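Residue numbers (my numbering): 4 to 141. Cβ atoms here follow ideal geometry from the backbone N, Cα and C, with glycine treated the same way. Because the structure is a prediction, the values reported are computed rather than measured. Step one of this worksheet: look at the structure below.
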């Protein structure tokens with residue numbers, strides 16, 4: 004649950020499986036840049052260093068990923084991948100994207116149920132690696 008919340012809070016949008024709409028050229032370019040920023044650690048570091056909100060979101064993502072650099076990278080890669088679908092689902096409309104995210108924050112389980120089987124498996128793997136060992140104190 005904590006991993007899914009980080010995914011929803013950090014990424015301006017995350018994906019729902021399903022058919023999407025065609026995006027205009029500007030929306031496609033913005034989506035591609037954002038996906039690259041999320042997936043590329045060097046690009047992400049630049050963005051995080053330049054924006055206090057991005058810094059806070061990055062810290063939350065790292066904490067949700069259990070502090071592991073590798074697990075954090077996997078979380079960002081999943082975020083970049085699933086972002087494409089929600090952007091297309093909303094037609095690139097920022098208000099619709101925010102509405103989808105608000106709905107997902109209200110019911111994360113229903114949101115995650117819409118992921119592809121591969122996305123669900125990867126989310127589960129990230130969560131399992133981030134979980135403290137049995138018997139560990141929080």
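Are the CB atoms of residue 80 and residue 42 nearer to each other than 8 Å?
Between residue 80 and residue 42, the CB-CB gap stays under 8 Å.
Inter-residue spacing [alpha-carbon to alpha-carbon] between residue 63 and residue 77
Roughly 14 Å separates the two Cα atoms.
Tell me, to the nearest whole angstrom, how far the beta carbon of residue 27 is from that of residue 95; I am working on the premise that it is less than 8 Å.
About 7 Å; that satisfies the 8 Å criterion.
Euclidean distance between Cα positions of residue 128 and residue 72:
In a straight line, the C-alpha of residue 128 is about 14 Å away from that of residue 72.
Residue 121 lies in the alpha helix (DSSP H); which residues open and close that run?
Counting along the chain, the alpha helix (DSSP H) containing residue 121 begins and ends at 120 to 133.
Residues in its own chain within less than 6 Å of residue 125 by CB, not counting five upstream and five downstream?
For residue 125, where only same-chain residues beyond five positions count, the Cβ hits under 6 Å are 81.
Alpha carbon of residue 135 to alpha carbon of residue 69, nearest angstrom:
A direct Cα-to-Cα measurement between residue 135 and residue 69 gives close to 8 Å.
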